[in-house]
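Residue numbers (my numbering): 336 to 543. Glycine residues also receive a C-beta, built at the ideal position from the N, C-alpha and C atoms. Being a predicted model, the structure only gives us computed values, none of them experimental.
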Amino acid sequence: MALSATMRDARQRLLLELARRGSEEAFRRLYAELYDPVCRYVGVRVRGTDEAEDLVATVFGRVVEGLERFDAGRGPVTAWVLGMARHAVIDHQRRRAAFGGARQAAASTDDLHEVLAADLPDALGVMVRDEEVRAVRAWLQRQDEATRELMDLKFGQGLTSREIAPVMGLTQDAVKKRCERILKQMRQELPTESTETGKGGAPCMNVE
């Protein structure tokens, strides 16, 4: 997984550099690679389809405007773009705060559960199958927004700790420790009858 992430970042940095130099084809390829991660990130946080589409367009508009400002030393391309998506969602949620924001946040938790259940690696997928789905949803609803976001980035988006760090404004070590703490808590709190997951619920997961 680490090798795959490294190769992906190298490819995206090359595409971004070519886009900087005016290659429309390179930008189209970069856009194609980043579109799904951005849509998924925005989609689990913004309920309205039109609003989500507008935010995705806003994010890529900012990408175009910020090509010259990208600094590879501060993190991977995916993290840089998802950081823009995060700020766009925060701005959107602030604007919507007076119009049922709490209800939207609760709905986003349900959507995040669906992402986790559908798209996670096999090891975590074991945990969220069948009767355990409801337990995961209830567990996520009890967590704070930062925990839900970290779970989404790590298991929904499939990012490494290194990639998550600049998105959330944390160090790589802090991300790894938080993931370890969350998964430990999940193992302790999520009941399961599956022998595949072992005692205490959630399986041991790679937090690199």
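Residue closest to residue i, alpha-carbon to alpha-carbon, out of the options
i	options	result
tyrosine 376	Pro411, Lys489 and Leu350	Lys489
arginine 364	Arg522, Leu351 and Arg497	Leu351
alanine 392	Ser496, Arg497, Trp474 and Leu369	Leu369
serine 339	Arg355, Gly493, Trp415 and Asp487	Gly493
alanine 481	Arg522, Ala414, Leu505 and Ala367	Leu505
aspartate 487	Phe405, Arg429 and Cys374	Cys374
Whole-angstrom distance between residue j and residue i, CA atom to CA atom
i	j	result
glutamate 386	histidine 422	15 Å
valine 424	leucine 390	7 Å
phenylalanine 362	leucine 353	8 Å
threonine 384	glycine 378	8 Å
leucine 417	glutamine 476	23 Å
arginine 469	leucine 525	10 Å
aspartate 508	serine 496	8 Å
arginine 438	tryptophan 415	In this predicted model, arginine 438 has a pLDDT of only 48, less than 50, meaning its place in the structure is not dependable enough to derive any value.
methionine 521	glutamine 478	11 Å
alanine 432	aspartate 371	26 Å
Beta-carbon contacts of residue i that lie in its chain and below 8 Å, excluding the five residues immediately before and after
i	result
methionine 419	Val394, Arg397, Val398 and Gly401
leucine 485	Ile499, Met503, Val510, Arg513, Cys514 and Ile517
lysine 519	none
Close beta carbons around residue i, own chain, < 7 Å, minus the five adjacent residues each side
i	result
arginine 348	Ala407 and Val412
valine 381	Ala387, Leu390, Val424 and His427
arginine 544	No statement about residue 544 is possible, as the shown extent of the chain runs from 336 to 543 and does not include it.
serine 358	none
arginine 355	Leu402 and Glu403
aspartate 454	Residue placement at aspartate 454 cannot be trusted, given a pLDDT of 42 that sits under 50; the coordinates are not used to answer.
tyrosine 366	Phe395
arginine 343	none
Cβ distance (whole Å) where residue i is taken to contact residue j below 8 Å
i	j	result
valine 510	isoleucine 499	5 Å
Same chain only: Cβ atoms within 6 Å of residue i, ignoring 5 sequence neighbours per side
i	result
alanine 345	none
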